[in-house]
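Heads up: the structure comes next, in structure tokens.
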Ligand SMILES: [Zn+2]
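Protein chains in written order, with this note's numbering: chain G, 1 to 439; chain A, 440 to 691.
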């Protein structure tokens, strides 16, 4: 099935020293329990041509996943769908989406002579570094999920983020995939792209029925704040809880999402578009559905963990958010008000102005508000008319408070958390394993 | 005229990206908890401002959004300057504050001539100022988050409201910096957060002015306690963090 795949550029003996040095550095940082950026940096310095050489060896090419929200989930979806088609997939660990992190991850997978053992690379990449990294890794497919108001303290203007994605997209050699329901991305100038452009989307009926649509940023620069009409190659046509139907070309894919929410359905349409473009005629909607069914929920995205270490006892559903759109889409996806709720933000999210853009109508009560920013969060919730039980900035004490509550009749608590507190919360519940490998 | 206080938020879509509706919300909630009815109107370009407004709230947005609304804003210039001259209350944050100044000189593209309601000029800078900010004012300490790349040059008659105690600020003032400019009951600032929920004493000062101008009796009381407690907790947390925090951002 892999016949006719392009030959690898000459990897070989000249990479042994840089790869070995990088692997040793990686091993050392692992022992220290530290970050994973340094080994990649080291190897890059020792053999600057190694990275392009590694990237060249993926027979099905390199896929970049960009977007304000949903990168991790979608990277996972694409990987599983491709695996269900028999491909060996290389992917970077969650959060390691800066150049050094990507390099380190590639290095860990390479043999000492700089050979790669996977058929395809699916990489989530930070928008700010996407163009630079594309110059090194020559991606075949670049997917842009959405442009949402996110990390303004870092990016300053949302339209700059759109331009980062569109600029990176000009470097894709095979396919560009963008969200037709995103005001900025729908206006992509296809004539400036080297590659064919495919759109994915959610049916207008489903968007209209969603309380806050898809929460993409309005376009403040072109005079048209909304989208321009585009035909979608893949379109979500039905969504019911985690069960959705996506039309992919002329076929219908019936799939189960890893978590509830129209944003996850849109991510699925994006993943199916990418997989269909990567695989060409070998793409099958049945295999794609198998891939989705094998997806375990990613950490904090619909993941369920026992509250008191008893697998048969009360459970905690983690709902992770990083900004107003992701919190809003998760709130909109709730099936009724949570019986027991915790909400938490820490300094990993420095500017929380955006909290006031969220509608909390579906959340009548929160039992515990926690994290370093607990009081800012409580202040916003009080203004929104949400009933607050306790404000307790210390997450450990907050978890104890949640455990002391009368058990929920549904047997389930809902914890809304930002990334850092999701990791701490899992640890406090006895699930301290780090989110390193995606599979 | 009714006894309902009318709060107007202008250009909520274009100039409302830093949670700016929180400022309108804070005014509304504090009025209502004091037994005074309040309504918030969101007014976009091309829509008239409802008659007899009490408080105008403007928010923050990117340069492109500022360019998008400036013509509409100019068409309201007389109405707005009459409103301020009559003692109406106004709060403008970020991009909107800069449009209400004399001029904005961006790093790229043509300068924008502002409405001149506030006597200062704006120069956009390559340097970003991001982080918590504390400003000591006559109405107490104003606390929030600043995130801007601009320098304000104050002209004649510009009245700085307070002095920056920690953080960067927008203009030089009293050997330190300032971050809020006042004219009558109108305020221009780069403090976001949004600023009013976090600063109940300042919000109450604005409300006291706006209600007494209309002869409405309003005071904060017991039902404001949770709001003030949470604001207090948030403020102490920021005061603890303000010196130790560093923000990395991608340069312009
Ligand atoms: Zn997996």
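Ideal placement from N, C-alpha and C gives every residue a C-beta, glycine not left out.
Query                                                                                                                                                                                                  : Result
Under three-state DSSP, which class holds residue 501 (chain A)?                                                                                                                                       : coil
Just tell me which of G:148, G:193, G:236 has its CA closest to the CA of residue 71 (chain G).                                                                                                        : G:148
Please list, in chain order, all residues of the same chain as residue 418 (chain G) whose beta carbon is under 8 Å from its beta carbon, the five residues on each side excluded.                     : 320, 321, 322, 344, 345, 346, 348, 349, 371
Measure how close the beta-carbons of residue 544 (chain A) and residue 561 (chain A) come, nearest whole angstrom, since I'm counting them as under 8 Å.                                              : 7 Å
Pull up the distance between the alpha-carbon of residue 144 (chain G) and that of residue 400 (chain G), whole angstroms please.                                                                      : 41 Å
Between the region 319 to 353 of chain G and chain A, which residues of the former have a C-beta closer than 9 Å to a C-beta of the latter?                                                            : 324, 347, 350, 351, 352, 353
Could you tell me which residues DSSP puts in a beta bridge with residue 256 (chain G)?                                                                                                                : G:243
Give a yes or no on whether the minimum CB-CB distance between residue 452 (chain A) and chain G is below 8 Å.                                                                                         : yes
Specify the secondary structure class of residue 321 (chain G) as computed by DSSP and reduced to three states.                                                                                        : coil
Report, in whole angstroms, the separation of the C-beta atoms of residue 493 (chain A) and residue 653 (chain A), which I expect to be a contact under 8 Å.                                           : 7 Å
Around the C-beta of residue 112 (chain G), are 16 or more other C-beta atoms found within 10 angstroms, so that it is buried, or is it exposed?                                                       : exposed
Note down, in chain order, every chain A residue with its Cβ under 7 Å from the Cβ of residue 356 (chain G).                                                                                           : 458, 460, 461, 464, 633
Report yes if the CB atom of residue 227 (chain G) is closer than 8 Å to the CB atom of residue 218 (chain G), and no otherwise.                                                                       : no
Cβ closer than 7 Å: which chain G residues qualify as neighbours of residue 659 (chain A)?                                                                                                             : Chain G residues near residue 659 (chain A): none, gap ~14 Å exceeds 7 Å.
Beta-carbon of residue 379 (chain G) versus every beta-carbon of chain A: anything under 8 Å?                                                                                                          : yes
Taking Cβ positions only, does residue 158 (chain G) come closer than 8 Å to chain A?                                                                                                                  : yes
Decide if residue 1 (chain G) is buried, meaning its Cβ has at least 16 other Cβ atoms within 10 Å, or exposed.                                                                                        : Bear in mind that a pLDDT of 38 at residue 1 (chain G), under 50, signals an unreliable position, so the number given afterwards is only what the model happens to contain. Classification for residue 1 (chain G): exposed.
Look at the alpha carbon of residue 461 (chain A) and the alpha carbon of residue 194 (chain G), and state the distance between them as a whole number of angstroms.                                   : 44 Å
Residue 376 (chain G) touches chain A at which residues, Cβ-Cβ below 7 Å?                                                                                                                              : 673
Does the beta-carbon of residue 189 (chain G) have 16 or more other beta-carbons within 10 angstroms, so that it is buried, or is it exposed?                                                          : exposed
When we look at the beta-carbon of residue 33 (chain G) and count the other beta-carbons within 10 Å, is it buried (16 or more) or exposed?                                                            : Model confidence at residue 33 (chain G) stands at a pLDDT of 47, short of 50, so the residue's coordinates are unreliable; what they give is reported in the following sentence. When all chains shown are included, residue 33 (chain G) counts as exposed.
With a cut-off of 8 Å, does the C-beta of residue 221 (chain G) fall near any C-beta of chain A?                                                                                                       : yes
Please work out which residues of its chain come closer than 8 Å, Cβ to Cβ, to residue 474 (chain A), disregarding the five sequence neighbours upstream and downstream, and give them in chain order. : 657
Taking the C-alpha atoms as reference points, what is the distance between residue 454 (chain A) and residue 288 (chain G)?                                                                            : 42 Å
Taking the C-alpha atoms as reference points, what is the distance between residue 396 (chain G) and residue 420 (chain G)?                                                                            : 13 Å
Under three-state DSSP, which class holds residue 179 (chain G)?                                                                                                                                       : strand
Closest to residue 384 (chain G) by CA distance: which of G:244, G:316, G:357 is it?                                                                                                                   : G:357
Hey, out of G:391, G:338, G:379, G:430, whose CA is closest to residue 409 (chain G)'s CA?                                                                                                             : G:338
Going along the chain, which residues of its own chain have a beta-carbon closer than 6 Å to the beta-carbon of residue 374 (chain G), five neighbours each way excluded?                              : 391, 393
Should the region 271 to 291 of chain G be called in touch with the region 241 to 255 of chain G, which here means at least 3 C-beta pairs below 8 Å?                                                  : yes
Sort out for me which residues DSSP pairs residue 143 (chain G) with in a bridge.                                                                                                                      : G:65, G:177
Distance check for residue 682 (chain A) and residue 203 (chain G), CA to CA, integer angstroms please.                                                                                                : 49 Å
Determine, using beta carbons only, whether residue 396 (chain G) comes closer than 8 Å to chain A.                                                                                                    : no
Using 8 Å for Cβ pairs, my map puts residue 68 (chain G) next to residue 179 (chain G). What's the rounded Cβ distance?                                                                                : Rounded, the Cβ-Cβ distance is 11 Å, inconsistent with contact.
Output, in chain order, the set of chain G residues within a Cβ distance shorter than 9 Å of residue 614 (chain A).                                                                                    : Chain G residues near residue 614 (chain A): none, gap ~28 Å exceeds 9 Å.
Could you compute how far the alpha carbon of residue 532 (chain A) sits from the alpha carbon of residue 169 (chain G)?                                                                               : 35 Å
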